[in-house]
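Each remark here refers to the structure printed beneath this line.
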Amino acid sequence: MLDRPVKPGDDTDQEETAVNTTTTSHYPVAPTAQKIEAHTLCCLVDNEPGVLARVIGLFSGRGYNIDSLTVSETEHQKHLSRITIVTRGTPMVIEQIKNQLDRLVPIHRVIDMTLAGPAIERELAMVKVAGKGQARVEALQLAEAFRARIIDTTTESFVFEVTGSTDKIESFINLMIPLGLVEVSRTGVVAIGRGPEGM
Amino acid sequence: MTREMTGAEMVIEALADQGVEHIFGYPGGAVLPIYDALFQQSKVKHVLVRHEQGAAHAAEGYARSTGKVAALLVTSGPGATNAVTGLADALMDSIPIVCITGQVPTHLIGNDAFQECDTVGITRPCTKHNYLVKDIADLPRVLHEAFYVAGSGRPGPVVIDIPKDIQFAKGMYFKPNEFPHKGYKPRMKGDLDKIKQAVEMMKHAKRPVFYTGGGIINSGPKASKLLRELVKLTGFPITSTLMGLGAFPAADPQWLGMLGMHGTWESNWAMHDCDLMICIGARFDDRITGRIDAFSPGSKKIHVDIDPSSINKNVHVDVPIVGDCTHVLEDMLAAWRSSPGGPDKAALGSWWKQIEKWRARKSLAYKSSTEVIKPQYAIERLFALTKDRDTYITTEVGQHQMWAAQFYQFQEPHRWMTSGGLGTMGYGVPAAVGVQMAHPNSLVIDIAGEASVLMTLQEMSTAVQYRLPIKIFILNNQYMGMVRQWQELLHGGRYSESYSEALPDFVKMAEAYHAHGIRCDKPGDLDRAIMEMIETPKPVIFDCVVDPAENCFPMIPSGRAHNEMLLGDAAESLEDAITEEGKMLV
């Protein structure tokens, strides 16, 4: 009962288009992938109940990635919060994420720190290391090299506070693993642009 | 000027101040205070539906046919969850509605109270914005803000969740003011430089085409007027998506027909072969583009949209213009008139000749019959007998919806109400109720399929109660037609669960609802039966028994591009070659 499909390019000078594998889905096939990049976005939002759920719901609902997220109220009088999100995707997806965030009613502004110009990113980690003898000494020396502060000590453990770029935090933690790393508590990335202008 | 009143009274007052005349709803424990306030006034009229989904779709039909923000009122828990389908539908099709839901008292929120659900959590992804009011002092601001958010920028549904104790609480009400929201200010006027650039490209285009969509309808009747002016001035061909039908008159020779998965041969070929695509108020949906990497490969694209997130979402465009269609069209017309030169008349002449060749394929042709009613014939006769009347058409979802879009010619905007983005079966009957409520003296017809209509048929009671003489025109082919078509073409004819088993007798069903029932199964009787339907001053269910074997063509199957359309065998064929694709499919 199916009717013959008409050969493409019958009336005009059209070259044969490449035949895509016929899918059985009533949706088009996925486009070929572009390069995936990590971007850091800063959003200025109204600090109202549910606004964080809205942003996270947007990411999860549309299948975008959240590598890290931090949020805090930064302007108490105007009740504005700043959300810093590290996400990854192709350039077209990153553009979509920014536009979708901008579309949310409580969002005031979205800046892509990765594209906006020189920016600084920092993370903070509290690292608990337990050990005795040589390992303990080694841990202390490494902490000094990383300019980590000691915020808790017992005769058999330390808790170090270290701030820096994500790479620096990662290296510190990796070095502590053979020296008796117990646990780590990390914030996500916060970012700010260089220079005198604000967001 | 402020006045003290209860939360429930504030709701009614705000509805009246926002120009709402009708509100669709269903009562329940958590909204009793609002219903009490409704009872004691007469500014806002309540329309009792029979299922909250019906309230949402009725509000959508009301909003789309009038251009106003419509309202609905449902209770907590199951009331709110029943409305979710309608809210998601409004979000996909950008329809401005405000949904007020009741909620359990604030001290019981989160306690698994009776008829409690996390309305704001559930509706967050399916609304444009939503609010939970926990303080009576916030209620007036939230009510007015909700209407502003629903109707401005890209319209959409907004939910206001009001706990019962807030409805009882007393507070100070104030009227809407000029600055409804400090942060949300959508961009209305397009970038003039980009508009001038677009007009320059239009003046030099050799094979241009206008691709318009629901954004023109949402922008208001002025946008349609300006669009017609621009199309006449340029002489370019124009096509439209499902949601944009009516913005440009279908009777005009520059109209190519709907484009997309079930669009006409000439419109899809024109989109594929054009060198300049001017997209106004449409969003390059996957039903339109087909295979994206083969979508209109040689063309430059201008995209006018009020929502920046729709631009460059699926398809890369060359000249993006963010703004409201009305403002941008005004600026485009001014730029066209004030810049030198005109369209490339010689090139346009050859382009139109090519388009005429495509038109000659008669892609919408079907084999007529004197024995059995063809669904396309039914729509054609319906159109012929209603075109000179004040008619509004709603539809359900499926093959009948596509045939209605192909064969019913729309000359004016706001006459066509259908569920495009979400494709909700059961949309048509309640939407017809909403449209008839807004236009009591017009002819409102729901072109339906028998499977879809069973989903929300209970709204016939609403139609009978409020004396809304809606006409439910069922194209009864005893299958879920569109599902069956896909199963036939792509799943080897395995008709899994797409047969409409145990159908009710629709004529008896109409009579059970105290409406009028008509059945017709012979083409010769069709005209007389349609006239009976039109002239009956009551709601009517018309069971039009049609040929079950008809498939909806043209069709761009999955994974195909615009120039790989399938045509029905009634269309003029060029050659008998069965291609490789054909062998795979047959």
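Top to bottom, those sequences are chains A and B.
Taking my numbering, the leading residue of the first sequence gets 506, the next gets one more, and so forth.
Taking my numbering, the leading residue of the second sequence gets 506, the next gets one more, and so forth.
Even glycine gets a Cβ: it sits at the ideal position worked out from N, Cα and C.
This one's a predicted model, so the numbers in the text were calculated from it and none came from an experiment.
| Check | Outcome |
| --- | --- |
| Test item: CB-CB of B/Val647 and B/Asn635 under 7 Å | no |
| Any non-hydrogen atom of the ligand MG within 6 Å of B/Arg788 CB | Only the bare structure without any ligand can be found here, which leaves the ligand MG out of the picture. |
| Chain A within 7 Å of B/His808, Cβ atoms only | no |
| B/Ala521 vs B/Gln672 beta-carbon contact at 7 Å | no |
| Which of helix, strand or coil DSSP assigns to A/Ala635 | strand |
| Stretch pair the segment 733 to 740 of chain B + the segment 807 to 820 of chain B: three plus CB contacts closer than 8 Å | no |
| Cut-off 8 Å between Cβ atoms - residues of its own chain near A/Arg559, not counting five sequence neighbours on either side | Leu609, Pro611 |
| Rounded distance between the beta-carbons of B/Gly719 and B/Gly786, thought under 8 Å | 6 Å |
| Under 7 Å between C-beta atoms of B/Ser581 and B/Val609 | yes |
| For B/His551, three-class secondary structure by DSSP | strand |
| Secondary structure of B/Pro662, DSSP reduced to three states | strand |
| Enclosing beta strand (DSSP E) for B/Ala953 [first to last residue] | 948 to 954 |
| Chain A contacts made by the segment 807 to 831 of chain B, where a contact means CB separation under 7 Å | Asp812, Pro813, Ser814, Asn817, Lys818 |
| Supposed contact pair B/Asn981 and B/Val938 - C-beta distance, whole angstroms, cut 8 Å | B/Val938 to B/Asn981, Cβ: 21 Å. No contact. |
| Where B/Ile743 sits in the DSSP three-state scheme | strand |
| Residue-chain proximity (B/Arg788, chain D), Cβ-Cβ < 7 Å | Note that chain D does not occur in the displayed structure, where the protein chains are A and B. |
| Buried or exposed by the 16-neighbour rule on C-beta atoms within 10 Å, applied to A/Gln582 | exposed |
| Which residues DSSP lists as bridging B/Met677, in chain order | B/Glu509 |
| Beta-ladder partner(s) of B/Tyr567, from DSSP | In the DSSP output, where bridge partners are listed per residue, B/Tyr567 has none listed. |
| Beta carbon of B/Gln857 nearer than 7 Å to that of B/Gly751 | The amino acid occupying residue 857 of chain B in the given sequence is Trp; Gln does not appear at that position. Contact: no. |
| Continuous beta strand (DSSP E) stretch holding B/Ser772: start and end | That residue, B/Ser772, is in no beta strand (DSSP E); its alpha helix (DSSP H) goes 770 to 778. |
| In DSSP terms, what B/Met1060 is bridged to | B/Leu1071 |
| Proximal residues to B/Pro1100 (C-beta, below 7 Å), its chain only, five neighbours per side dropped | Because chain B is modelled from 506 through 1091, residue 1100 of chain B falls outside the range shown and cannot be assessed. |
| Extent of the continuous alpha helix (DSSP H) run through B/Ile1039 | 1028 to 1040 |
| Extent of the continuous beta strand (DSSP E) run through B/Pro713 | 713 to 717 |
| Segment limits, beta strand (DSSP E) that includes B/Lys867 | Looking at the DSSP string, B/Lys867 is not in any beta strand (DSSP E), and its letter there is neither H nor E. |
| B/His767 burial status per 10 Å Cβ neighbour count (16 or more: buried) | buried |
| Between the CA atoms of B/Gln941 and B/Tyr971 - distance to the nearest angstrom | 10 Å |
| Where A/Pro611 meets chain B, residues with beta-carbon distance less than 9 Å | His634, Gly688, Tyr689 |
| Uninterrupted alpha helix (DSSP H) stretches inside the segment 607 to 658 of chain B (no shorter than 4 residues) | 624 to 628, 644 to 656 |
| Cβ pair B/Glu955, B/Ser1005 closer than 7 Å | yes |
| CB-CB length for B/Pro668 against B/Ile614, believed under 8 Å | 7 Å |
| Integer Cβ distance of B/Gly933 from B/Ser966, believed to fall under 8 Å | With 8 Å as the limit, B/Gly933 and B/Ser966 do not qualify as a contact, their Cβ atoms being about 16 Å apart. |
| Distance CB(B/Ala910)-CB(B/Leu1072) smaller than 7 Å | no |
| Which of helix, strand or coil DSSP assigns to B/Gly534 | helix |
| For B/Val704, the nearest candidate out of B/Glu861, B/Gly688, B/Gln914, B/Arg842 (CA to CA) | B/Arg842 |
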